[in-house]
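My numbering runs 4 ahead of the 1-based position in the sequence shown. All C-beta atoms in this analysis are idealised placements derived from N, C-alpha and C, irrespective of residue type, glycine included. Reading through the structure tokens given below for one structure.
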Amino acid sequence: MSWLHAAVLLPFIFALIIPIVYRFIKRIHIGWFTLPVPVVLFIYFLTYISTTMSGKTRFAELPWMPQIGMNYNLYVDGLSLLFSLLITGIGALVTFYSISYLSKKEQLGNFYCYLLLFMGAMLGVVLSDNVFMLYLFWEMTSFSSFLLISFWRTREASLYGAQKSLLITVFGGLSLLGGFILMTLSGHSTSIRHLIAHASEIQSSPFFILAMILILFGAMTKSAQFPFYIWLPDAMEAPTPVSAYLHSATMVKAGIYLVARLTPIFALSQGWIWTVTAIGLVTLFWASLNATKQSDLKGILAFSTVSQLGMVMSMLGIGAVSFHFQGSQSQFYAAAFIAAVFHLINHATFKCALFMVAGIIDHETGTRDVRKLGGLMTIMPISFTITVISALSMAGVPPFNGFLSKESFLEAMINVTQAPLFSLNTLGVLIPIVAILGSIFTFVYSVRFIGQIFWGSYKPESLPHKPHEPSVLMWIAPAFLAVLVVVFGLFPTLLAKPIIDPASQAIRNAKLPDAEFHLFHGFTPAFFSTLVIYAIGILLIFTYHKWVKVLENIPERLELNHFYDRSADNLPVFSKQVTHTYMSGFIRNKLVVIMGSLIVLTAVTVLALPFAFDFSHVSRVRSYEVIIVVMILAAAIMLVFARSRLFSIIMLSAVGYSMAIFYIFFNAPDLALTQFVVETISTALFLLCFYHLPNLNRYNETTSFKVTNAVIAAGVGIAVTILGLIAYGNKHFDSIAAYYKENVHSLAHGNNMVNVILVDFRGTDTLFESSVLGIAGLAVYTLIKLRSKHKNGYERVDENEQTEK
């Protein structure tokens, strides 16, 4: 195991340790014991910068389940390093912030356990080279985020938000698994590096389009793209440190990472380019528009997160155009990758700072409702300064880092209209238009975020608490992020060579020109677009109360949440109704469903596939075998018409003993002996049990009841006979009996073939059969205990009803 493997496992190890430590340490905030984990990991990943800057990568291999191609293989390049630094760096700041935000009265052991589980899962996602390990960690992020969102589990809204996020992201995860399976079948490998290197094999596969669609479903659900974004606003019910971590730098960017990582495989498809670009732009526009009407601080930030993720996603779609060109023209369109990477970093800084400020406002005033806030600029000047810097960066105002990546975004959207392929030079004119519209509303909600909290009139009567600045520990983390916003805006070259260039080259899978960012690029179309955004944005801010009513009056039944809620409410009812159709409490009904399915599936299989019935090697039927068959048929017929349970048991035993005689004639004395023992014990048990039941009563059976039984019985008999004949006439492999004969003595050192097969060759199977007996014993014990409780006062079921069941 390498240090890289240990780095991913470290959060999981501490996730087990922290709850134990928490039991013994109450005086010191347990967050101080958690903080070293992300700090150490961040420092560790910084050591890889020199490796990725030089164009090299690091691969660490650890076999786990090589038989199915699932190995714990990790891979560090510019892209995975970027996300690893974001996960651990932002994770360290969030952990530090949570120490002052969360009271010791909270269940802190659980909180930091969940937080570390999520951190480790995210590192596994971005560092895994194996697609199935990536999927494993992917689902772990859904599970751990569910625990974090529902941390305040006494709140109904928290549980609702956690359930919604889990259902949507797990649905996407299952889709992603299907896409991975098809991709590995096409590329003949589970290694992501190998699949990228042999992308042509996947692109020529008949599974290519389906795999692409399934993978995009998974990525879009995780990164809250339209129409799957509805889970993210409700996830804001989580504690603010969770929102700052999950929804600014980590979980919601997992889908972004997946699209970026797999772009070299799917970029040659115009479906990939148009789908990723269009969904990203629609998400940008729709979420930014909805953010303007929100009255909850975290609600505004939730929709702004969705909007910014759509912006990055659209840049990845535009960058994929570069795979269709060579030389300078390819680099021209690949600039979108550079812009996407830069905005990922910028978004993590200003959005995490804004979430922390929202937590501070909520913590110190007791509310996040902007209608109750206002006039806090002089009361909370530090929070005001942090908010102004971060929000203006999100709005794309210079000299902050968000302005630089936003300018690059607009430039990429305008440049792609020159691409002479996939109708981008015709229909593509809509791309910059939608991008500008989304940016206008981004400017509106960003500026209003500042104004609604700190400008306007002060309303002390509306606030649960008297507002004041928080403790120094609480504002250190957002202040540090605000400083980064300014530094990265003024000196973007600090990030260009060590971080941005290696990451963007990893996406393009080729060498790209060095990234360059300037506060003024000249009088370009992007510059004039920015002026239009500012002008219209300011106009919309001053006329806000006139046009926002249109958004607020949209009928609830037209919103996506309405359809989700209806589905979530109706699905359990529908499932219950379906279940009750076959889980009626009568064993006979369940058998009808099971055996009827067997009949239908057998009929469909026989009719759909060309099976042959070969009777050329069938043994001759001997006279005494006919006699035994007649005995079995006679006993079975009399069993059907029996009116006494005792007679039914005797006829059933006659069938079993007759089968044992068959085994004797077929030279299987061990099976015959087993059959005799089983039949004897079963008969004795039946007699003991049925002695306590009332007499058998068949007079209430209707004609349809009897006819159904007859049809099912005949159908099962025919189906089993057909299956036997098919198995006999369609042998595609040599019998394994020869292998047993040759190796039973040499490998197992035994002479009794049956014993050796059961104990040695099929030892695991026999072990699990023993486990089944143990489980059955526990079930019997449980039934006995329940019977004793039943006698002590539990309501007794009517005997006649119990008999029917």
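DSSP three-state label for residue i, please.
{"i": "Met381", "result": "coil"}
{"i": "Arg800", "result": "Residue placement at Arg800 is poorly supported in this model, since its pLDDT is 43, which falls under 50; the coordinates still yield a value, given next. Coil, per DSSP."}
{"i": "Asn419", "result": "helix"}
{"i": "Asn756", "result": "coil"}
{"i": "Ala19", "result": "helix"}
{"i": "Asn747", "result": "helix"}
{"i": "Met69", "result": "strand"}
{"i": "Asn134", "result": "strand"}
{"i": "Met599", "result": "helix"}
{"i": "Ser227", "result": "coil"}
{"i": "Met255", "result": "helix"}
{"i": "Ser58", "result": "coil"}
{"i": "Ser6", "result": "coil"}
{"i": "Ser169", "result": "helix"}
{"i": "Asp769", "result": "helix"}
Quick test of your reading: residue i and residue j, contact by CB under 8 Å. State the CB separation rounded to the nearest angstrom.
{"i": "Leu301", "j": "Ile365", "result": "6 Å"}
{"i": "Ile34", "j": "Val25", "result": "7 Å"}
{"i": "Tyr139", "j": "Leu180", "result": "6 Å"}
{"i": "Lys376", "j": "Lys463", "result": "6 Å"}
{"i": "Thr369", "j": "Leu467", "result": "5 Å"}
{"i": "Asp81", "j": "Thr61", "result": "5 Å"}
{"i": "Leu813", "j": "Ala64", "result": "As shown, the chain starts at 5 and ends at 809. That puts residue 813 outside it, with no answer to give."}
{"i": "Gly719", "j": "Ile603", "result": "4 Å"}
{"i": "Gly778", "j": "Phe617", "result": "With 8 Å as the limit, Gly778 and Phe617 do not qualify as a contact, their Cβ atoms being about 42 Å apart."}
{"i": "Phe445", "j": "Ala399", "result": "Not a contact, Cβ separation roughly 10 Å."}
Quick check: what's the CA-CA separation for residue i versus residue j?
{"i": "Gly73", "j": "Gly303", "result": "43 Å"}
{"i": "Leu414", "j": "Phe37", "result": "44 Å"}
{"i": "Ile32", "j": "Lys168", "result": "35 Å"}
{"i": "Val577", "j": "Lys226", "result": "27 Å"}
{"i": "Trp68", "j": "Asn513", "result": "28 Å"}
{"i": "Phe527", "j": "Ile545", "result": "26 Å"}
{"i": "Gln229", "j": "Asn75", "result": "31 Å"}
{"i": "Ala780", "j": "Phe87", "result": "50 Å"}
{"i": "Phe175", "j": "Asp569", "result": "16 Å"}
{"i": "Gly95", "j": "Tyr249", "result": "7 Å"}
{"i": "Glu85", "j": "Met255", "result": "According to the sequence as given, residue 85 is Leu; it is not Glu. Distance between the alpha carbons of Leu85 and Met255 is about 16 Å."}
{"i": "Leu83", "j": "Phe346", "result": "12 Å"}
{"i": "Ile277", "j": "Leu288", "result": "16 Å"}
Can you name the start and end residues of the beta strand (DSSP E) that residue i belongs to?
{"i": "Ala530", "result": "It is not in any beta strand (DSSP E) - Ala530 instead sits in the alpha helix (DSSP H) that spans 529–546."}
{"i": "Val80", "result": "78–80"}
{"i": "Ala64", "result": "62–64"}
Looking at chain D, is there any beta carbon in it that lies within less than 9 Å of the beta carbon of residue i?
{"i": "Ile435", "result": "Checking the listed chains, one finds no chain D in this structure; it contains a single protein chain."}
Can you name the start and end residues of the alpha helix (DSSP H) that residue i belongs to?
{"i": "Ala572", "result": "564–586"}
{"i": "Trp156", "result": "Taken as a continuous stretch (DSSP letters only), Trp156 belongs to no alpha helix (DSSP H), as it is neither H nor E."}
{"i": "Gln333", "result": "331–369"}
{"i": "Ala324", "result": "Looking at the DSSP string, Ala324 is not in any alpha helix (DSSP H), and its letter there is neither H nor E."}
{"i": "Glu629", "result": "627–644"}
{"i": "Pro210", "result": "No alpha helix (DSSP H) holds Pro210; DSSP gives it neither H nor E."}
{"i": "Val715", "result": "707–733"}
{"i": "Ala519", "result": "Unbroken run through Ala519: none, as it is neither H nor E."}
{"i": "Leu656", "result": "649–669"}
{"i": "Ile34", "result": "Taken as a continuous stretch (DSSP letters only), Ile34 belongs to no alpha helix (DSSP H), as it is neither H nor E."}
{"i": "Asp505", "result": "505–512"}
{"i": "Glu683", "result": "673–694"}
{"i": "Trp290", "result": "274–295"}
{"i": "Met74", "result": "Note, Met74: premise wrong, no alpha helix (DSSP H); not H, not E."}
{"i": "Thr244", "result": "244–250"}
{"i": "Pro42", "result": "40–50"}
{"i": "Asp238", "result": "235–238"}
{"i": "His198", "result": "196–201"}
Quick one: does the C-beta of residue i sit closer than 8 Å to a heavy atom of the ligand COA?
{"i": "Lys108", "result": "This structure lacks the ligand COA; in fact it carries no ligand of any kind."}
Touching by the beta-carbon criterion (3+ pairs, under 8 Å), the segment 377–388 and the segment 322–330: no
Contact the segment 404–411 vs the segment 480–498: 3+ CB pairs below 8 Å: yes
Contact the segment 520–539 vs the segment 421–441: 3+ CB pairs below 8 Å: yes
Inter-stretch contact at 8 Å, needing at least 3 Cβ pairs: the segment 499–516 / the segment 325–345: yes
At least three beta-carbon pairs within less than 8 Å, the segment 687–697 to the segment 640–657: yes
Stretch pair the segment 147–164 + the segment 216–234: three plus CB contacts closer than 8 Å: no
At least three beta-carbon pairs within less than 8 Å, the segment 310–321 to the segment 275–290: yes
At least 3 beta-carbon pairs within less than 8 Å: the segment 111–123 vs the segment 47–61: no
contact_flag[the segment 631–641, the segment 661–668] where n(CB pairs < 8 Å) is 3 or more: yes
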